[in-house]
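Trainee: Mind having a look at this structure? Questions to follow.
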Amino acid sequence: MRIPRAEVIAAWGLSLQGMVGSFRFYPNRTIVSGLTGRTVATKAYATNNAVSVSGWAAGALSTLRVGQWLTIGAQLLRITEAAAVADANGRVTVRFEPALRADFAAGTAVEFARPFGVFRLAITDSPAYTLDPDRVADFGTIEAREVV
């Protein structure tokens, strides 16, 4: 990475104030979805690994795939299993990892089109870069934890 870009990233890291600030992380996706308007069908409880999601027509293909990302609330989840077809009520049961960390009311939005998670740095120091012999900036590994 070039030094001017590294300076911008370093300033962003400083703006987080170590483990105080948070940021949205949007994962790289190989499975892209255009699904919108989906919601949690019935209350979803913390520690559950599955939810009923509404918003399909009865009997419609879900188009969900194993490995696909989704967001409920601000928690980033990955599908481990999903029904191929919506039930008679237009609902699809979706299984995922990790387990929910909070309760979510029926009607909570489920994001498939641009999933994200909210994270904070896992270290107290702001990330800094070093320059390799070719003067290319390198941050190494930046560790973050999901905000719970």
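Mapping of the sequence shown onto UniProt numbering: position 111 corresponds to residue 111, and the numbering continues sequentially without gaps.
Note that beta-carbon positions come from the ideal geometry of N, C-alpha and C, so glycine has one too.
Please read all numbers here as calculations on a predicted model, not as lab measurements.
Taking the runs of the alpha helix (DSSP H) that are 4 residues or longer, which of them lie wholly in the segment 9 to 58?
Mentor: As far as the segment 9 to 58 is concerned, it has no whole alpha helix (DSSP H) run of at least 4 residues.
Trainee: On the DSSP letters alone, give me the boundaries of the beta strand (DSSP E) that A144 sits inside.
Mentor: 144 to 146 is the extent of the beta strand (DSSP E) around A144.
Trainee: With a threshold of 6 Å on Cβ separation, who are the neighbours of I142 within its own chain once the five nearest residues in sequence on each side are excluded?
Mentor: Excluding residues within five positions, the ones whose Cβ falls inside 6 Å are P127.
Trainee: Using the Cβ count rule (16 or more neighbours within 10 Å means buried), how would you classify G13?
Mentor: When all chains shown are included, G13 counts as buried.
Trainee: If you draw a straight line from the C-alpha of D125 to the C-alpha of A144, how long is it?
Mentor: The straight-line gap from Cα to Cα measures roughly 12 Å.
Trainee: Can the beta-carbon of L100 be found less than 8 Å from the beta-carbon of A44?
Mentor: Against a cut-off of 8 Å, the Cβ pair of A44 and L100 comes out as a contact.
Trainee: Going by DSSP, what residue range makes up the beta strand (DSSP E) through F96?
Mentor: Start and end: 91 to 97.
Trainee: To which residues does DSSP link Q75 through a beta bridge?
Mentor: Answer by DSSP bridge pairing, in chain order: I72.
Trainee: Alpha carbons only, please: which of N28, V92, F139 is nearest the one belonging to E7?
Mentor: Ranking N28, V92, F139 by Cα distance to E7 puts F139 first.
Trainee: Compare the C-alpha of T39 against each of V20, F119, A109, P115 and name the closest.
Mentor: Among V20, F119, A109, P115, the Cα nearest to that of T39 is on A109.
Trainee: Mind the definition here: the segment 80 to 93 touches the segment 127 to 137 only if three or more C-beta pairs lie below 8 Å; say whether that holds.
Mentor: They do not touch, by the three-pair rule.
Trainee: Using a Cβ-Cβ cutoff of less than 6 Å, which residues in the same chain neighbour residue 167 once the five nearest sequence positions on both sides are dropped?
Mentor: For residue 167 there is no data in the structure shown, the boundaries of the chain being 1 and 148.
Trainee: Please report the straight-line C-alpha distance between residue 149 and Y26, rounded to a whole angstrom.
Mentor: No answer is possible for residue 149: the residues shown for the chain start at 1 and end at 148.
Trainee: Taking the DSSP output, what are the residues bridged to T130?
Mentor: Partner(s): D138.
Trainee: Cα separation between A46 and V148?
Mentor: C-alpha separation (whole angstroms): 11 Å.
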